[in-house]
Amino acid sequence: MPKIITIDGPAGSGKSTIAREVAKRLGFTYLDTGAMYRAFTLKAIKANVDLEDSKGLIELIKKTNIDIIAQKDGSLKVLLDKEDVTLEIRKPVVTQKVSFIARIPGIRAQMVKLQRQFGKKNDIVVEGRDIGTVVFPEAYKKFYLDADFGERIRRRMRDFEALGQKICPKEVEDDLKKRDNADMTRSVGPLKQAKDAILLDTTNLNIEQVIEKMLSYIK
10 MPKIITIDGP AGSGKSTIAR EVAKRLGFTY LDTGAMYRAF TLKAIKANVD LEDSKGLIEL
70 IKKTNIDIIA QKDGSLKVLL DKEDVTLEIR KPVVTQKVSF IARIPGIRAQ MVKLQRQFGK
130 KNDIVVEGRD IGTVVFPEAY KKFYLDADFG ERIRRRMRDF EALGQKICPK EVEDDLKKRD
190 NADMTRSVGP LKQAKDAILL DTTNLNIEQV IEKMLSYIK
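Sequential numbering from 10 applies to the sequence shown in our numbering.
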């Protein structure tokens with residue numbers, strides 16, 4: 010039976026970077042669930058579907074194909090209806106809207122199905138908001154990453170800069186506050202630490218230190 014390692018936590022806590030590297034060192038596949046939600050958010054934006062129109066969005070996702078393909082270098086290629094949208098889903102307009110999409114129970118139900126199917130076939134390290142609590146409650150190991158708010162803002166700024174996107178700190182701060190509120194208050198799969206998850210505060214830790222801590226619990 011495939012082994013599943015889950016990493017949950019708020020935006021900017023370091024989940025994606027850490028999950029990708031831990032998967033690489035373990036020889037597991039990395040699954041970025043956030044990329045799946047981002048891909049569908051991008052489709053909804055392009056289709057001009059009102060993000061308050063739950064029924065319209067649920068109908069749209071039924072006609073949507075999302076594939077996550079692991080690359081040899083450990084990165085992921087995200088295909089939306091067979092089109093590579095790996096870079097496009099990281100644009101600020103998608104970042105600002107994705108939490109609204111993720112709140113819709115019907116959308117989350119479809120995504121959970123896709124994620125579980127992926128987990129049946131592969132040893133995976135998977136990160137998100139409700140992975141250890143909802144998607145894979147019986148996971149082999151669970152982690153919850155967090156960091157103080159100021160550090161999370163700085164990390165998000167670096168993410169945008171790495172993509173060559175200009176955005177002001179106040180915009181990032183406001184977006185993080187909105188995302189935290191949306192993630193923690195949604196009715197289905199709210200962001201919270203699983204009872205059996207290991208809490209790691211990454212505020213004063215570099216990437217390598219976090220990875221070493223996690224691997225010490227896994228091995």
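Every residue gets a Cβ at the ideal spot worked out from N, C-alpha and C, and that includes glycine. Just so we're clear, the structure is a prediction, and the values are computed from it rather than from any experiment.
Throw me the rounded Cβ distance for the residue i and residue j pair, which I believe falls under 8 Å.
i	j	result
S63	L154	Between L154 and S63 the Cβ distance is about 30 Å, and since that is not below 8 Å, they are no contact.
K69	K52	Residue 69 is actually Leu in this sequence, not Lys. With 8 Å as the limit, L69 and K52 qualify as a contact, their Cβ atoms being about 7 Å apart.
I13	F145	5 Å
T73	F49	6 Å
I113	L172	About 27 Å; that fails the 8 Å criterion.
L45	I75	For the sequence presented, residue 45 should be read as Met rather than Leu. With 8 Å as the limit, M45 and I75 qualify as a contact, their Cβ atoms being about 5 Å apart.
Taking the alpha-carbon positions, what's the residue i to residue j distance?
i	j	result
Q202	L185	18 Å
S25	D41	7 Å
I247	A56	Here the chain has residues from 10 to 228 only, and residue 247 is not among them.
I133	I78	13 Å
L200	D139	6 Å
R195	F37	31 Å
Y149	R125	14 Å
R167	Q80	23 Å
N159	V181	Reading off the sequence, residue 159 comes out as Gly, not Asn. Their Cα atoms are separated by approximately 11 Å.
C177	D157	19 Å
Hey, could you find the ends of the beta strand (DSSP E) residue i is sitting in?
i	result
I133	I133 to G137
K151	K150 to D155
T38	T38 to D41
My output table needs one value for residue i: the three-state DSSP class, helix, strand or coil.
i	result
F169	helix
I16	strand
L185	helix
L209	strand
R195	coil
M260	Shown here, the chain extends from 10 to 228; a query on residue 260 therefore has no answer.
Where do the ends of the alpha helix (DSSP H) carrying residue i lie?
i	result
I27	K24 to L35
K204	That residue, K204, is in no alpha helix (DSSP H); it is neither H nor E in DSSP.
Q174	Q174 -> no alpha helix (DSSP H), and no H or E assigned at all.
F244	In the structure as shown, the chain begins at 10 and stops at 228. Residue 244 is therefore absent and cannot be evaluated.
I113	Here I113 belongs to no alpha helix (DSSP H), and DSSP marks it neither H nor E.
K232	Because the chain in this structure spans residues 10 to 228, residue 232 falls outside the shown range and cannot be described.
Suppose only complete runs of 3+ residues qualify. What are the beta strand (DSSP E) ranges in the segment 52-99, listed by chain order? 75-79 and 85-89, all fully within the segment 52-99.
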